[in-house]
């Protein structure tokens, strides 16, 4: 990136807006799916814990494939990898909708239905995981260290905005045309987003020279253990577990606490997700640029607020109180996530951005591998409050870790900006 490119932000702003708009689709689709999943699995005759297990295989694949896509984007460029991920997301959502329809019509049932849903979601975990590391690395290629945390927070805000409006759209469509149509709508939007990335996103950063893949993998494992990055990844993994549990449990918790089911359950769950996402979005778009906290400061305050929101959910007696708890959780998540992802990006060199982004995206999904046990199984076996109590304990541990870890206190020197051209 040259000084001229930094002085001429409009073209770069258009590039980031395109990524923002396209990744917004993923945020909307995920929030829609999470809103309709609890009532859907009950209509399909599956257990409550199956909500988490359906996503677990996808999360496991996400953990192993995200670093690969991040490394591949270093060699082939960011644009084709981002477009591939969005196209795979479209296929995954479309197939998921088809399987749900077959289940509702009685063609599929029991374990066959369960594994078909897992397979449809696994496509997203295997190939849809390409979009996020490529998008994060694209932004890292075009920003200085000083502005990177804020710009990556803006990218995260795309998911937050999708999560905010996705449930509202889902609730309206579910009441009008049923629970399945929103899934197919997201599939169509994701296909359009993939085309937009491929056709209109400029790619001016030259790919790195091809190197043996085995060496790349070993280098990425070494980077994960590197003191510059490892503390951020530990914090991010714990945050992923917390996010997986709270997201999985909220729909079931809302239906059981308020005594609702079906479309009504989807509507109330969607309202909670919408409030959460709006709070996260407001944090990243309005609060974060003004408070100017370091990544470590964001991680400390975020964990504390997130823990307060989950603790309040445990005692929330009404829908209004549940929505307040979601707002507090959204505020905390809005600080935690850009704190650890921005800190991880700032901690590494420009030539390591793709690998670091892949590791960050991997730990973002890793917690969802364990959330079915911490969330769904604990919910069914020990009661509705137990998963939330475990989550509060994890968040307090994250707060203490962020306060005491010496690795998070290291202030990285500002490297000179990359020399590649970044304007169209």
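In my numbering, the protein residues as written are 1307 to 1730.
We put the CB at the ideal spot given by N, CA and C, even for glycine.
Check                                                                                                                                                                       : Outcome
Throw me the rounded Cβ distance for the residue 1326 and residue 1461 pair, which I believe falls under 8 Å.                                                               : 7 Å
How would you call residue 1354, buried or exposed, if buried means at least 16 neighbouring beta carbons within 10 angstroms?                                              : buried
Let me know if residue 1687 comes out buried or exposed under the rule of 16 or more other beta-carbons within 10 Å of its beta-carbon.                                     : exposed
Is it buried or exposed for residue 1479, if we count other Cβ within 10 angstroms and need 16 for buried?                                                                  : buried
Only counting the same chain, and skipping five residues up and downstream in sequence, which positions put a Cβ closer than 7 Å to that of residue 1678?                   : 1355, 1358, 1359, 1362
List the endpoints of the continuous alpha helix (DSSP H) containing residue 1424.                                                                                          : 1416 to 1432
Taking just the CA atoms, how far does residue 1496 sit from residue 1406?                                                                                                  : 19 Å
Give the secondary structure of residue 1551 by DSSP, where H, G and I count as helix, E and B as strand, and everything else as coil.                                      : helix
Pick out whichever of 1344, 1664, 1485, 1494 has its Cα sitting closest to the Cα of residue 1371.                                                                          : 1664
Could you give the DSSP three-state label for residue 1520: helix, strand or coil?                                                                                          : For residue 1520, the predicted model reports a pLDDT of 42, less than 50, meaning its position is unreliable and no value from the coordinates is stated.
Tell me which residues share the same chain as residue 1507 and place their Cβ nearer than 6 Å to its Cβ, disregarding the 5 neighbours each side in the sequence.          : 1324, 1385
Helix, strand or coil, according to DSSP, for residue 1338 in the structure here?                                                                                           : helix
Quick one: what does DSSP say residue 1623 is sitting in, helix, strand or coil?                                                                                            : coil
According to DSSP, is residue 1344 helix, strand or coil?                                                                                                                   : helix
What residue from 1417, 1558, 1337, 1649 has the CA that sits closest to residue 1489's CA?                                                                                 : 1337
To which residues of the same chain is residue 1378 closer than 7 Å at the C-beta, ignoring the five residues directly before and after it?                                 : 1387
Among residues of its own chain, excluding the 5 on either side of residue 1392, which ones have a beta-carbon nearer than 7 Å to its beta-carbon?                          : 1328, 1437, 1496, 1499, 1500, 1503
DSSP three-state call for residue 1383: helix, strand or coil?                                                                                                              : coil
What does the Cβ neighbour count give for residue 1447, buried or exposed, with the cut at 16 atoms within 10 Å?                                                            : buried
Whole angstroms is fine: what's the gap from residue 1642's alpha carbon to residue 1550's?                                                                                 : 15 Å
Out of curiosity, what's the CA-to-CA distance linking residue 1611 and residue 1547?                                                                                       : 16 Å
Near residue 1247, which residues of its chain fall below 8 Å by C-beta distance, leaving aside the five closest residues on each side in sequence?                         : Coverage of the chain is limited to positions 1307 through 1730, which leaves residue 1247 absent and any answer about it impossible.
I think residue 1468 touches residue 1666, with their Cβ atoms under 8 Å apart; what is that distance to the nearest whole Å?                                               : Their Cβ separation, rounded to whole angstroms, is 19 Å, which puts residue 1468 and residue 1666 out of contact at 8 Å.
Note down the Cα distance separating residue 1491 from residue 1695, rounded to an integer number of angstroms.                                                             : 36 Å
Do residue 1669 and residue 1543 have their beta-carbon atoms positioned less than 7 Å apart in this structure?                                                             : yes
Between 1630, 1622, 1655, 1607, which lies nearest to residue 1639 when the distance is taken from Cα to Cα?                                                                : 1607
Since I believe residue 1430 is in contact with residue 1394 (beta carbons under 8 Å), could you give me their beta-carbon distance rounded to a whole number of angstroms? : 7 Å
So residue 1796 is in the alpha helix (DSSP H); what residue range does that whole segment cover?                                                                           : Here the chain comprises residues numbered 1307 to 1730, so residue 1796 is not present and cannot be evaluated.
Under the three-state reduction of DSSP, which class applies to residue 1585: helix, strand or coil?                                                                        : helix
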